[in-house]
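S.K.: The structure's right below; bear with me while I get my questions together.
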Amino acid sequence: MAELRSKATGFRCAFCIAFCTATLFALCTTPAPAEERSAGTEQLGVMDRPRPDYDAQGIAWGDWTLFPALAATANYDDNVFRLQRPRSPDWYVETIPSARLQRKWSGGAFGIFGNLDNLAYARFGRLNLTDWSVGLDGSATLAKGLTLGGSGYFGEYHEGFESAEVIGQQRDYTRYFHGHAESQLNYESGHWILGGGATFDRYEWRPTVTLSGDRFSNSDRDESLFAPYAKAAYEFTPGYHLFVRALYDGRNFDDGLRSSSGGRIDAGLAFAPDKTLNGEVYLGWLHQEFRPPLPDFSTLDYGATVDWYAMKQLTLHLTASRAASDIVLPGFTVSDDQSFRLSADYEARHDVIVQAFAGYTDSRLAGLISRVDRYPSAGLTVRYLINRYTSAEVAYLYSSRHSAPNPFDVLNFRDQVFTAGLRVHI
């Protein structure tokens, strides 16, 4: 059985990588048109604006350019395990080396990237780990108005202790593998924009180990997700598009117990009336069907993304969304997640950037029983651009969870993380 499972795992990972590789192979072998797309006139936000004196220049290597970087931070977390009590603080150092190798030409671009993310704790050494990921992405203009894009990655990650699926009294983080691939095709002609694409995700979970040494299998969380979609938009007046979008949502768990299929259909408005405002809002319906005895899930779907370039030094962002997320807990079908976030990017000086956000997520765990988890959060980051190669930052992050019902008062937590660090890039 172990051998069969190993082969199945390899096949799924290979499928994910092959899906992305095939898409990008098409990008690289498609002849590029002679003319380049004209430069856009849209407003650039504080974080999108080029800064020649501070941006990474990369290392030229023939037609390719290599962008290496290294970030290191010292962090103080006042509630490492995200518990109501006892609250266990600790210092840890996070080190993130990364690299991107890319090539651009008149009709497109192609890139290969990878990174490591190492956590080293001072007190709780059993939490030390190294996440990693590798991936590639690309885009190409196939003909006038026709563009193709794709990306994919594969890596090993860890589940944070704030997750609703954390069982408590864990010895360390639960690890998992995640593969992702996506592609999209868009065509613009006159007032019409037509598009479509698909995403594929694969999750494979490693066992959870408790403080007593017991090991709990997470094989019931292993799943594959496939979501093709199509979208059509029409510009009825300059700067305003009406659009409709349909998406199929297939979720296949290896054990079959929580597998489901469904989708969503939305209609909305995309707007960019001038250079100071752009975004989209939409409304629709979401439906997911499960195998008995788990009940089906249907609800109103909505979302919004708004970017307001209030002034050259200030950009404001507003996002709202709803998602039916998988959750593997007894008696629950899905987590109905409604999220809202307001953030600001402020250029205090040409070399000082301040970022702040406030967010709130309302997660209603639906199914045979119900539970509500509320997650308010907020953060502040101040970044100092020292020179073309180096920047420094200090940051503060607040997060919490308030659950109901919570009879034993074990689900709530409050956490603060203080950070100071350096980033070096070439």
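Here the numbering used here is used: the first residue of the sequence shown is 963, the next is one more, and so on.
Glycine is no exception: its CB is placed at the ideal position from the N, C-alpha and C atoms.
Give the straight-line distance between the Cα atoms of G1007 and N1368, rounded to the nearest whole angstrom.
M.R.: Numbered from its first residue, the sequence shown carries residue 1007 at position 45. Numbered from its first residue, the sequence shown carries residue 1368 at position 406. Going from the Cα of G1007 to the Cα of N1368 covers about 42 Å.
S.K.: By Cβ distance below 7 Å, which residues in the same chain neighbour Q1046 in space, the five residues on each side in sequence not counted?
M.R.: Taking the sequence shown and counting its residues from 1, the one referred to as residue 1046 is at position 84. Hits under 7 Å: D1371, V1372, N1374, F1375.
S.K.: So, for Q1378: in the same chain, excluding its five sequence neighbours on each side, which residues have a beta-carbon less than 6 Å away from its beta-carbon?
M.R.: Locating residue 1378 in the sequence shown gives position 416, where the first residue counts as 1. Hits under 6 Å: D1040, Y1360.
S.K.: Quick check on DSSP: helix, strand or coil for L1209?
M.R.: Numbered from its first residue, the sequence shown carries residue 1209 at position 247. DSSP places L1209 in strand when its eight states are reduced to three.
S.K.: Distance check for D1216 and D1307, CA to CA, integer angstroms please.
M.R.: Position 345 of the sequence shown, counting from 1, holds the residue named residue 1307. Position 254 of the sequence shown, counting from 1, holds the residue named residue 1216. Using only the alpha carbons, I get a separation of about 43 Å.
S.K.: With respect to the beta strand (DSSP E) encompassing S1297, which residues constitute its N-terminal and C-terminal limits?
M.R.: In the sequence shown, counting from the first residue as 1, residue 1297 sits at position 335. That run of the beta strand (DSSP E) goes 1294-1311.
S.K.: What's the call for Q1250, buried or exposed, on a 16-neighbour Cβ count within 10 Å?
M.R.: Along the sequence shown, read from residue 1 onward, the residue named residue 1250 stands at position 288. Looking at its Cβ environment, which holds 16 or more other Cβ atoms inside 10 Å, Q1250 is buried.
S.K.: Checking the sheet assignment: what are the DSSP bridge partners for E1056?
M.R.: If you number the sequence shown from 1, residue 1056 lands on position 94. T1035, L1081, per the DSSP bridge assignment.
S.K.: Use the C-beta contact count for H1142: other C-beta atoms within 10 angstroms, 16 or more gives buried, fewer gives exposed.
M.R.: Counting from 1 along the sequence shown, the entry for residue 1142 is found at position 180. Buried.
S.K.: How is the beta strand (DSSP E) around D1422 delimited, first residue to last?
M.R.: The chain is shown only over 963 to 1388; residue 1422 falls outside these bounds and no answer can be derived.
S.K.: Where does G1158 fall in DSSP's three states?
M.R.: Sequence index remark: in the sequence shown, residue 1158 carries index 196 (1-based). Residue state, collapsed to three classes: strand.
S.K.: From the DSSP secondary-structure annotation, give me the bridge partner or partners of Y1149.
M.R.: Stepping through the sequence shown from its first residue, residue 1149 is reached at position 187. Bridge partners of Y1149: L1108, L1156.
S.K.: Take S1283 as the anchor and find which of D1228, Q1146, P1048 has the nearest alpha-carbon.
M.R.: Mapped onto the sequence shown, residue 1283 falls at position 321. For the residues D1228, Q1146, P1048, the minimum Cα distance to S1283 belongs to D1228.
S.K.: May I have the straight-line CA-CA distance separating E1118 from R1183, to the nearest angstrom?
M.R.: Your numbering for residue 1118 matches position 156 in the sequence shown. Your numbering for residue 1183 matches position 221 in the sequence shown. Whole-angstrom Cα-Cα distance: 15 Å.
S.K.: Among all the DSSP beta bridges, which residues are the ones paired with G1341?
M.R.: Translated into the one-based positions of the sequence shown, residue 1341 becomes position 379. F1319, L1359, per the DSSP bridge assignment.
S.K.: On the CB-based measure, 16 or more other CB atoms within 10 Å of its CB, does R1164 come out buried or exposed?
M.R.: Reading the sequence shown from its first residue, position 202 is the one you call residue 1164. Its Cβ being crowded by 16 or more others within 10 Å, R1164 is buried.
S.K.: Hey, quick one: how far does the beta strand (DSSP E) through S1174 stretch, first residue to last?
M.R.: In the sequence shown, the residue the question calls residue 1174 occupies position 212. No beta strand (DSSP E) holds S1174; DSSP gives it neither H nor E.
S.K.: Look at the alpha carbon of P1200 and the alpha carbon of A1285, and state the distance between them as a whole number of angstroms.
M.R.: One-based indexing of the sequence shown puts residue 1200 at position 238. One-based indexing of the sequence shown puts residue 1285 at position 323. So the alpha carbons of these two residues sit roughly 31 Å apart.
S.K.: Candidates S1305, Y1083, T1261, G1024: which alpha carbon is nearest H1279's?
M.R.: Position 317 of the sequence shown holds residue 1279. Checking every option, the nearest Cα to that of H1279 belongs to S1305.
S.K.: How do the region 1074-1094 and the region 1125-1132 stand: do at least 3 beta-carbon pairs fall below 8 Å, yes or no?
M.R.: The region 1074-1094 vs the region 1125-1132: no contact.
S.K.: What are the partner residues of A1143, as DSSP defines its beta bridges?
M.R.: In the sequence shown, counting from the first residue as 1, residue 1143 sits at position 181. DSSP output for A1143 lists G1114, F1162 as bridge partner(s).
S.K.: In or out: A1382 buried (at least 16 other Cβ within 10 Å) or exposed?
M.R.: Against the sequence shown, residue 1382 aligns to sequence position 420. Exposed.
S.K.: Roughly how many angstroms separate the alpha carbons of L1347 and M1009, rounded to a whole number?
M.R.: Start at 1 with the first residue of the sequence shown, and residue 1347 comes out as number 385. Start at 1 with the first residue of the sequence shown, and residue 1009 comes out as number 47. Going by the C-alpha atoms only, they are around 13 Å apart.
S.K.: Taking all protein chains shown into account, do 16 or more other C-beta atoms lie within 10 angstroms of the C-beta of T1277, making it buried, or fewer, making it exposed?
M.R.: In the sequence shown, counting from the first residue as 1, residue 1277 sits at position 315. Buried, because 16 or more other Cβ atoms sit within 10 Å of the Cβ of T1277.
S.K.: By Cβ distance, which residues of its chain are closer than 6 Å to A976, with the 5 residues on each side in sequence left out?
M.R.: Stepping through the sequence shown from its first residue, residue 976 is reached at position 14. At A976 the pLDDT is 40, less than 50, meaning the model places this residue with poor confidence; the figure from the coordinates comes in the next sentence. Excluding sequence neighbours, A976 sits near nothing in its chain.
S.K.: So G1329 packs on P1257, CB below 8 Å; how close in whole Å?
M.R.: On the sequence shown, residue 1329 is found 367 positions in, with the first residue counted as 1. On the sequence shown, residue 1257 is found 295 positions in, with the first residue counted as 1. That belief holds up - the Cβ atoms of G1329 and P1257 are roughly 6 Å apart, short of 8 Å.
S.K.: Of all the options E1121, K1274, L1291, which has the alpha carbon lying nearest to the alpha carbon of R1044?
M.R.: For the purposes of this step, residue 1044 is identified with residue 82 of the sequence shown, where counting begins at 1. Looking at the Cα atoms, E1121 is the closest of the given residues.
S.K.: Does R1088 come out as helix, strand or coil in the three-state DSSP assignment?
M.R.: Residue 1088 sits at position 126 when you count from the first residue of the sequence shown. Helix, per DSSP.
S.K.: Quick one: give me the first and last residue of the beta strand (DSSP E) that P1235 is part of.
M.R.: Locating residue 1235 in the sequence shown gives position 273, counting from the first residue. 1222-1236 is the extent of the beta strand (DSSP E) around P1235.
S.K.: In terms of alpha-carbon separation, which member of Y1038, G1020, G1114, T1057 lies closest to Q1064?
M.R.: In the sequence shown, residue 1064 corresponds to position 102, counting from 1. Among Y1038, G1020, G1114, T1057, the Cα nearest to that of Q1064 is on G1020.
S.K.: Taking only the alpha-carbon atoms, compute the straight-line gap between R1133 and V1042 and give it to the nearest angstrom.
M.R.: For the purposes of this step, residue 1133 is taken as residue 171 along the sequence shown, with counting starting at 1. For the purposes of this step, residue 1042 is taken as residue 80 along the sequence shown, with counting starting at 1. Roughly 12 Å between the two C-alpha positions.
S.K.: If I measure Cβ to Cβ from R1326 and keep anything under 6 Å in the same chain, skipping five residues before and after, which residues do I get?
M.R.: Against the sequence shown, residue 1326 aligns to sequence position 364. Hits under 6 Å: D1298, V1334.
S.K.: For R1226, does the count of other Cβ atoms within 10 angstroms reach 16, so buried, or fall short, so exposed?
M.R.: As a position in the sequence shown, residue 1226 is number 264, starting the count at 1. Flag for R1226 reads buried.
S.K.: How far does the beta strand (DSSP E) with R1385 in it reach, from first residue to last?
M.R.: One-based indexing of the sequence shown puts residue 1385 at position 423. It spans 1375-1387 - the beta strand (DSSP E) in which R1385 sits, taken as one unbroken run.
S.K.: Apart from the five residues just before and just after F1029, which ones in its own chain have a Cβ nearer than 6 Å to its Cβ?
M.R.: Taking the first residue of the sequence shown as 1, we reach residue 1029 at position 67. A1018, G1020, R1062, listed in sequence order.
S.K.: State the beta-bridge partners of Q1019 as determined by DSSP.
M.R.: Residue 1019 sits at position 57 when you count from the first residue of the sequence shown. In the DSSP output, where bridge partners are listed per residue, Q1019 has none listed.
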